[in-house]
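Colleague: The structure is given below, and queries will be raised subsequently.
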Amino acid sequence: MKENDPLKDMFADFNPPMSSTADFMARLDVRLDAVEMIAERTRRSRRRSRVALCVAALAGMVAGALMMALMPYFESVLAGALQLGLAAREYLPLAGWAATAALSVAAAMAAYDISSSLLDRQVCRVG
Amino acid sequence: MNRKQFVEYVESTQRQLRRFLCALCCGDSALADDIAQETYIKAYMSSDGFRGDAKFSSWIYRIAYNTYVSHMRGARRTSALEAVAEVESGESADGTFRYQALYASLAKLPPAERTAILLYYFDDSPVKEIARITGATENTVCQQLSRGRRHLRAFLERPGL
């Protein structure tokens with residue numbers, strides 16, 4: 270199909286002026302370095318947030334378990350201190366559960382912040 | 208694919224790719240270089256998805272073609288292409304303007320025809336591979352080649368070119 274095709278000869282001769290291969294490769298090298306640096310930072314950041322998330326979940330569970338274990342004690346102390354009537358005492362477990370949930374969430378959030386800032390410092394020291 | 212392997216692949220394909228892109232951009236070698244750089248960066252970022260059984264150059268040409276198309280969509284450089292087409296061929300003796308007639312003729316072809324023609328003549332790519340690179344069917348590529356050849360010959364045979 271390409272035999273006796275004048276276009277074939279014309280394209281075979283085509284050799285336009287272009288920047289040198291060394292310049293092109295040097296420019297590409299710089300850009301590849303930047304891509305690798307960004308990819309590495311993204312990888313580290315993902316790893317960091319995964320670890321911080323695990324720590325936060327663990328802290329939340331521990332706080333929740335502690336609160337649950339101590340709930341009967343808190344209930345009796347509160348009921349005695351506030352001199353609550355029987356009707357009001359029925360609502361104490363509900364308040365206890367709400368307090369447990371709030372404390373677990375607060376513990377998890379604090380643990381996430383602390384662990385991610387500690388991991389950030391570690392990364393800064395290493396890298 | 209690690210960086211060393213990738214750089215080796217790039218070294219073996221960059222000259223041909225830049226030549227192809229230079230013609231595709233109708234002689235704008237700076238734009239061709241930019242698109243080539245962007246192509247290789249995209250390829251490097253998705254090099255995990257490159258299957259060893261496919262030809263590296265075909266994969267690169269496909270990325271380059273898509274990069275070129277999205278660039279043209281964004282930049283709307285048609286006015287620049289028209290300007291190239293209007294350059295007088297009297298300057299063609301000069302080294303810089305050596306390919307002016309060719310660029311002017313290529314600029315008048317629709318991008319799909321231009322791509323098919325360039326892949327066919329530069330890279331000796333078979334129709335099947337051109338179809339894979341451009342995402343068209345083999346029949347469409349055959350039509351583009353035939354139309355492109357006819358148009359290119361007509362433009363080049365015009366008096367004054």
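Protein chains in written order, with our numbering: chain A, 270 to 396; chain B, 208 to 368. Glycine residues also receive a C-beta, built at the ideal position from the N, C-alpha and C atoms.
#1: Can you say whether residue 312 of chain B is buried or exposed, counting buried as having 16 or more other CB atoms within 10 angstroms of its CB?
#2: Assuming residue 328 of chain B contacts residue 277 of chain A under a Cβ cut-off of 8 Å, what Cβ separation, rounded to an integer in Å, is found between them?
#3: Return the CA-CA distance between residue 296 of chain B and residue 255 of chain B, expressed in angstroms with no decimal places.
#4: Can you tell me which of the three DSSP states residue 215 of chain B falls into?
#5: According to the Cβ coordinates, are residue 251 of chain B and residue 299 of chain A closer than 9 Å?
#6: Would you mind sorting residue 364 of chain B into buried or exposed? The rule is 16 or more other CB atoms within 10 Å of its CB.
#7: Helix, strand or coil for residue 349 of chain A, going by three-state DSSP, please let me know.
#8: Would you kindly work out how many angstroms separate the C-alpha atoms of residue 303 of chain B and residue 288 of chain A, rounded to a whole number?
#9: Can you confirm whether the stretch 362-382 of chain A touches the stretch 330-339 of chain A when touching is taken to mean that 3 or more C-beta pairs between the two stretches lie within less than 8 Å?
#10: Kindly indicate if chain B contains any beta-carbon less than 9 Å away from that of residue 290 of chain A.
#11: Near residue 354 of chain B, which residues of its chain fall below 7 Å by C-beta distance, leaving aside the five closest residues on each side in sequence?
#12: Check whether the stretch 382-389 of chain A touches the stretch 311-325 of chain A, counting contact only when three or more Cβ pairs, one atom from each stretch, lie closer than 8 Å.
Modeller: Taking the coordinates as given:
#1: Around the beta carbon of residue 312 of chain B, 16 or more other beta carbons lie within 10 angstroms, which makes this residue buried.
#2: 6 Å
#3: In this prediction, residue 296 of chain B has a pLDDT of 46, which is less than 50 and means its spatial position is unreliable; what the coordinates show is noted afterwards. Near 47 Å, if we compare the C-alpha coordinates of residue 255 of chain B and residue 296 of chain B.
#4: Assignment of residue 215 of chain B by DSSP, reduced to helix, strand and coil, places it in the helix class.
#5: no
#6: exposed
#7: helix
#8: For residue 303 of chain B, the pLDDT reaches just 47, beneath the cut-off of 50, and the residue's location in the model is therefore unreliable, although a value from the coordinates is still provided. Roughly 13 Å between the two C-alpha positions.
#9: They touch, by the three-pair rule.
#10: yes
#11: 320
#12: yes
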